[in-house]
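Down below is the structure, laid out as C-alpha cells.
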Amino acid sequence: MGLKNFKKKKQFAVIALVASALLLGLGVYQAFADTFGVIYQAYGTYRIGGGDTYRLLNIPSNWPGAHGNMRIAHVSSYGALNTSSIIQMDTLSSDVNNGYLGTYPSNISSFTQQLGGNVSWVEQQLSADYMTLRDNQTGNNTALVPFADVINKSGAVFSGNTQQTPNGGYYNGYPTYNYSYGIWSSNAPTATSISANVSGSSVTLHFNNGVPLFSQLAAYHYDQIRITNSSGQTVWQPTGTTNAGVPNVQVESGSQYYSRTDTITPSYSFPNGAYTVSASVWDGVDRHSNTVTTSFTVSNGTSTGGGGGVSVTLSANPTSLNVGQSSTLTATASGVSNGLPNGDSYWIEVLDEGNNGTLGGRNSVTGNYNSATVQTTATSNVARTETYEAEIMDGVTGQVVATSSPATVTWGSAPPPPPPSGGVQVTISANPTSLNVGQSTTLTGTITSGYQNGMLIDIENQTTGQWVGAGAYGSSYTTTTSESTAQSDNFVAAVWNPGNSGVNPPNYTSTPVTVTWNQSQPLSASLMANPTSLQVGQTSTLTATAPTVPAGDYLVIWDQTTGQELNRSTATGNNITVTMWVSQYSATTQTYIAQISPSWSSMNQSVTQSSPVSVTWTQQAITLQLAANPTNLPTGQSATLTATANQNVGSNYIVIYNQSTGQWVGVAALGGTTDTQTVLSSTPTSQTFIAYVSPNASQQNVAQSNTVTITWTRPAFTVTLSASANQLNIGQTVNLTATANQVVSNTGYFISIYDQTSGQWLGSISTGNSVTGSERQTAPTTHTFIAYVGAQNSSANAQATSNQVSVTWVQGSGGGGWQCGANDSDTLTWWAVVGTPPNQTLEEFQATYTTTQSQGVVTGLLDDPGTPSYMWLPIPASQWNEQAVGSGFSWATLDAAHGWTGTEQGGPNASQVVRQFYDNNLLVKIYGRGDGANPVVYVRPDSAFGIREVWTGSPHSMPTSGTADFTMTNPDGSYVTWSEPITIDTATAVNNGDQPNGTTPPPYATEAVSVFTNVPKFTFRGGVQTAANAELAAWSLSNNATTVAQDSAHISVKLDVNNSCGTSSHTINNVAILYSYPDWMFVQLTNNNLAQATGH
8 MGLKNFKKKK QFAVIALVAS ALLLGLGVYQ AFADTFGVIY QAYGTYRIGG GDTYRLLNIP
68 SNWPGAHGNM RIAHVSSYGA LNTSSIIQMD TLSSDVNNGY LGTYPSNISS FTQQLGGNVS
128 WVEQQLSADY MTLRDNQTGN NTALVPFADV INKSGAVFSG NTQQTPNGGY YNGYPTYNYS
188 YGIWSSNAPT ATSISANVSG SSVTLHFNNG VPLFSQLAAY HYDQIRITNS SGQTVWQPTG
248 TTNAGVPNVQ VESGSQYYSR TDTITPSYSF PNGAYTVSAS VWDGVDRHSN TVTTSFTVSN
308 GTSTGGGGGV SVTLSANPTS LNVGQSSTLT ATASGVSNGL PNGDSYWIEV LDEGNNGTLG
368 GRNSVTGNYN SATVQTTATS NVARTETYEA EIMDGVTGQV VATSSPATVT WGSAPPPPPP
428 SGGVQVTISA NPTSLNVGQS TTLTGTITSG YQNGMLIDIE NQTTGQWVGA GAYGSSYTTT
488 TSESTAQSDN FVAAVWNPGN SGVNPPNYTS TPVTVTWNQS QPLSASLMAN PTSLQVGQTS
548 TLTATAPTVP AGDYLVIWDQ TTGQELNRST ATGNNITVTM WVSQYSATTQ TYIAQISPSW
608 SSMNQSVTQS SPVSVTWTQQ AITLQLAANP TNLPTGQSAT LTATANQNVG SNYIVIYNQS
668 TGQWVGVAAL GGTTDTQTVL SSTPTSQTFI AYVSPNASQQ NVAQSNTVTI TWTRPAFTVT
728 LSASANQLNI GQTVNLTATA NQVVSNTGYF ISIYDQTSGQ WLGSISTGNS VTGSERQTAP
788 TTHTFIAYVG AQNSSANAQA TSNQVSVTWV QGSGGGGWQC GANDSDTLTW WAVVGTPPNQ
848 TLEEFQATYT TTQSQGVVTG LLDDPGTPSY MWLPIPASQW NEQAVGSGFS WATLDAAHGW
908 TGTEQGGPNA SQVVRQFYDN NLLVKIYGRG DGANPVVYVR PDSAFGIREV WTGSPHSMPT
968 SGTADFTMTN PDGSYVTWSE PITIDTATAV NNGDQPNGTT PPPYATEAVS VFTNVPKFTF
1028 RGGVQTAANA ELAAWSLSNN ATTVAQDSAH ISVKLDVNNS CGTSSHTINN VAILYSYPDW
1088 MFVQLTNNNL AQATGH
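Rendered as C-alpha cells:
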C-alpha cells in the first residue's frame, strides 16, 4: 500500500537562532531569559553550540542518553506545521542526529489538532512523560514532553532522513545549518458499510472499513458493534475494550490499509424479529470513525438483510418512441405498510442508469416518505436506448433495501430538420501533438456552427481507420488515445445529422490533425559536484538532474560512502533538478550518486542512477603567525599580541607564551583562528613571545608561531616645583611640592627639594612621583628653592632639575586671622615683633571676643499708667469715683473689683520716666528701673512699649538682625506668645576696626538694638489661640504693688541678636506688668475732656 491514502507530508526545521527565548504557558506564553544556541557542522558531525547549558532533571525512559549538560537550538515553522515552540536538545559536543526533540505541554493540543489526533487521549498518554529542563545559568525550570511522543500519539511518524541546509551563519568559524525533519500524518479511520447474512437464528456481519494508521504505531484496530431489536434494546455487543478503555469492541489485527472487510459472528441465537446493526471502528491512537448501519429480519428460520422482505418493481410506457417524446416510468413497492418492517421510514428513488439527464434534466427522481408509488416521465432529445432502475431507501440508515429489475426505453430518430443557413463547421484539436510512445494525447472535436439537437460527433484515426471512442450526442466530444510504437497518426472529427447516427459516411468532417509518437528515451540521471577538490570545512555543491522523473519516483542524491540520503525531489515530470551542499571537517574523499528511485530510504531500489562523483577534502597544515603592536614603547604602557592561525584549530587551543619570564600570557583560546592578549612592563626590559596551537594549552604543540620581541624603555625624567604662596608674613609656613613626570619607584632615584638660600634639603621620596616640603621664616627674607630627580638630597648627576621658586616673608604687624568659636565668640590670631633691635622676636598673639547685651531699658511707653504708689489720674483721686460730667456713669463697681479704695495717690502728671537724654539729636526717655527690677515697668493693657539694649562684641562680627520673643501670662496660667523683629540702630555703632595695633588687639565694638511691641488684649488657655480659649488680659487698680503683681498679667521677653559668628541672647523676666485701665476702655468714654486727658 502506497502513501497516497494518507495525509500529505509536513516538515519542520531546526533554525540556527543565536538568542531565542524559552516560551512556556497556556495560550499566552511566559518568556524567560534563557538563551538558545545554534546548529553547526564540525568534524563531519552536526552539533549544537552557544547559548546557555541545560540539564534534564527527570529523564524519560526512552531517552537513555539524555544525561549531563545539554545545549538547545530552537525549531522554527517550516511548511504547514506550526512548530514555533519545539526545541532540539543534545548533550554537549554530541552529534545532533542523536539529539532529542521536546515541546511544551501547553502545545500538545495544538500539535495534536494539526496532525489529526485525539487531543484528550494524547494529553492523557503524555501526562506521565513530563520532564523538567533547568537552565544552568538562570536557574529557570521549564516543563517539556518528548516531541516524538506527541507525533506518534497523534497518529504521525517521522519519515526519511534529516536534511541539513547552510543558512549563511557561523559559530566559532564553523558554518551553521537549518536541520529539517519530515513527518507523515495519517487520517482517522472510516466505516464504509456493514451487511448482515442470516442463517436460521445466527447472523454473520461483514464490516467494510479503512484504518490508515501506520502499522509501526499499532498493528491492530477495534470494531465497535451494537445490535438492537425493534424496541431499541441492545441484544448483543462484543466484550473487548480498546487500549484507551473504550468498551464493546472486537479487537482485529491490521492497520495501515484503505479498505478491508472484517467478519463478525455474534455468539447469540436471535429470536424472530427485526434488528438493527450499527458499526464503527477505533484505531490504535484512539481515533473514532463515523457510524454505519444495516438491518436484518429473522423469521421462521429465514431472513433478509436490510429490508426484511421488501421489494420494488419498475415499468415504462411506452418503451419505444421518437426523439423528443416522453415515456412514463412507474415504481411500486411491496412488503411495506406505512414504513419498512423494521419500523424505519423509506422512500422510492428512480435512477437514470446512463446518467444522461433524461428525467427532466436530472438523473434521479425521489418520491415522498412512505409513499409506495412513484411516477415520473423520461425524455431524450437524441436517439438512444436508456436503462432505468428503482430503489427503496431506508429513511433512517440511508441504506438501499430493495432494487427493481431494469426497465429499458428506446428513442428512435425523427426526420432531420433542414440544415441551418451557413452550413455546419467542425474542428479538431490534439494536446500534445508530439509525445513519447505509451503516452496519451487528448483529442477534442467541436461543432463550431450549425449545431442541431440530436447531432452525433465522433473522432476517427484516419491512419488506422479506427474510431477513437464511442462518440457523443452534443456539440463536442473529447477522448484520449495512445500508441505503443513510434508513428504519426492523422485524426478527424466526424459529425452526423440527427437521425443519421453512425451511418457512414458522416455528414461533416474536420480538417485532420497530426499526432506524432516518438520512441521514448531510457530514464537517466546525472550528478555534478563543484568543486571536487577543496579544503576541510569548505562546501561543495552537488547538483542532480534528470530529463524525466516518472510519477511515483524520486530523484535522490545519496552519499554512497555512508549510505545516507542527502536530498530528494519533491516533484515529478520533466527536467527535474535537486541540489545539496556537503562539507567535511576531516581529510576524506566522499563518493556521491544520483538515483531515480521509488524510495528514499534505500539505495537498492533505484530505476537508474548516475555515475559516481567523488569529492576530496584535504587537511591544510595549520600555520600560526604572532604579531605585536607596538614593539617599542615607554614603560607602563600596554602592547597587543595577536596570534592568528590560517584555519580553525578545532578542539585545540591557541596560547601565547612569554619566553623571557616563562609565563603563559592570559587565557588560552579554544577553537577559532585567533587569540589576542595585552602585556605591559613598568620597568625597562625586552621580552620575547611565541604562540602555540596545542591540544591541552601547553607547549605540546600542533603548530608554533614566529617569535616577537617587545622593548619597554623609560622616558627622560622631568620635574616641576610649585609653592603654596610666593609672599607671606613672617612666622607663616609655605608648602613646596615637586612633581615628576613618572614614578621613581624601583628606579633607585629620589625626588628632593632644596632651599638654595639656606642650603637645607626640605624632603625627598623614592616612591610615587611627588614630594612636599615646608618652611617658615621669623624675619623678613626671600628664599629660592629648586627640586632634583637623582640621588637622595643631592644635585650631583641629577636626572632632572626643576624650575626655581622664590618665596618672600614680610614684616607682620597687621591682622592675622579671625576664627569663630563657641557661643558666638570670635578669636583673632596675629604675629607681632616684640623688642627692639637687635633683640627683636616674632611672637604670636591671640584675643577672643565674647558677646554681651547690657541691661535692657524701656525707652518707649504708650499711655504711661504710673505706679501703684502714684498712679495716673485725670483729676484728684477724691473726685475720681464721682459720676462723669453729664454721663450719669459711675465707676464704683468696676473700681472696687480692681482694688480701688478712692484714697490712692496720683494725678494727671504721674510718670515712670527716670531719666532722659539725646542720642544723635533724638530724645530718649528711660522708663522704670531697668533690667533686674521687678517689674521693669508697668504698662497699661492694650497699649505699647519699647525696649533698648546695647550689644558689645567682636569688631569683626557686628549685629546683623535679631528677634524678640514675648510671653504674656495671666494669673490663672493662660498665656499668649508673639515675636517682633529687632532693629539694629546702626547710627549708634562704635567700631574702631578689626586690626591689631602691634601687640594690642582691636577694642570691643558696641551698637544699640531695640524692639517695639503692642500689648495683646487677650491670653489663651493652654496657649491655643482660638476664640473658645480666649480671655482678657488681667489688670489691677490697687495701690499695693504686691496685690498688683498677684492680680495682673506679666510679660517676659527674650532678645536674640545675630552676628556672623552666631547668636547672643538676653532674657528679661517681668519686663512689664499690666496696670490701670486698658487703653481700649478710654475709647468708650463719652466725656471728651476725660478721653483727651489720657492722650488718645
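The sequence shown: position 973 = 980 (my numbering), numbered continuously. Ideal Cβ positions, reconstructed from N, Cα and C, are used throughout, including at glycine. Every value quoted in this text rests on a predicted model; they were computed, and no experiment measured them.
Can you tell which of the options has its C-alpha closest to the C-alpha of residue i?
i, options, result
"Y484", "T434, M965, Y376, T471", "T434"
"V556", "Y982, T268, N581", "N581"
"E396", "P439, P875, V357, I772", "V357"
"V865", "V589, T995, L450, A1079", "A1079"
"M138", "T145, K160, N125, Y107", "Y107"
"A553", "T584, A501, T577", "T584"
"Q131", "V152, G146, T145, Y982", "V152"
"T417", "G476, N329, N468, V403", "N329"
"T52", "V589, T487, Q240, G914", "V589"
"D871", "G914, P845, G906", "G914"
Tell me the residue span of the beta strand (DSSP E) that contains residue i.
i, result
"V946", "944-946"
"I271", "264-271"
"P1023", "Note, P1023: premise wrong, no beta strand (DSSP E); not H, not E."
"M965", "First-last for M965: undefined, no H or E at that position."
"G478", "473-480"
"W243", "241-243"
"I234", "227-236"
"A1034", "Segment: none, A1034 is in no beta strand (DSSP E) and carries neither H nor E."
"G797", "788-797"
"A732", "Note, A732: premise wrong, no beta strand (DSSP E); not H, not E."
Hey, quick one: how far does the alpha helix (DSSP H) through residue i stretch, first residue to last?
i, result
"S1", "Any answer about residue 1 is impossible in this case: the structure gives the chain only from 8 up to 1103."
"N1077", "It is not in any alpha helix (DSSP H) - N1077 instead sits in the beta strand (DSSP E) that spans 1069-1081."
"T1049", "1048-1054"
Which of the three DSSP states is assigned to residue i in this structure?
i, result
"A135", "helix"
"M1088", "helix"
"A112", "For the record, residue 112 in the displayed sequence is Pro; it is not Ala. If DSSP states are grouped into helix, strand and coil, P112 belongs with the helices."
"S621", "strand"
"A155", "helix"
"D871", "coil"
"N215", "strand"
"D992", "strand"
"S441", "strand"
"W128", "helix"
"A903", "helix"
"D831", "helix"
In chain order, what residues of the same chain have a beta carbon less than 6 Å from the beta carbon of residue i, not counting five sequence neighbours either side?
i, result
"T595", "W624"
"T718", "N639, S693"
"S861", "E956, V957"
Using 8 Å for Cβ pairs, my map puts residue i next to residue j. What's the rounded Cβ distance?
i, j, result
"V686", "L648", "6 Å"
"L743", "S809", "That pair is no contact at about 10 Å."
"V778", "I793", "Not a contact, Cβ separation roughly 13 Å."
"Q382", "T415", "Q382 to T415, Cβ: 18 Å. No contact."
Near residue i, which residues of its chain fall below 7 Å by C-beta distance, leaving aside the five closest residues on each side in sequence?
i, result
"F924", "V931"
"W1087", "D949, K1024"
"V614", "L530, D560, I603, S604"
"Q806", "F724, Y756, V796, G797"
"Y877", "Q912, G913, A917"
By Cβ distance below 8 Å, which residues in the same chain neighbour residue i in space, the five residues on each side in sequence not counted?
i, result
"S378", "W354, I355"
"G361", "R391, E393, T394"
"L849", "I737, G738, T785, A786, G819, W838, A839, V840, V841"
"S1045", "P875, H905, G906, W907, V1051, D1054"
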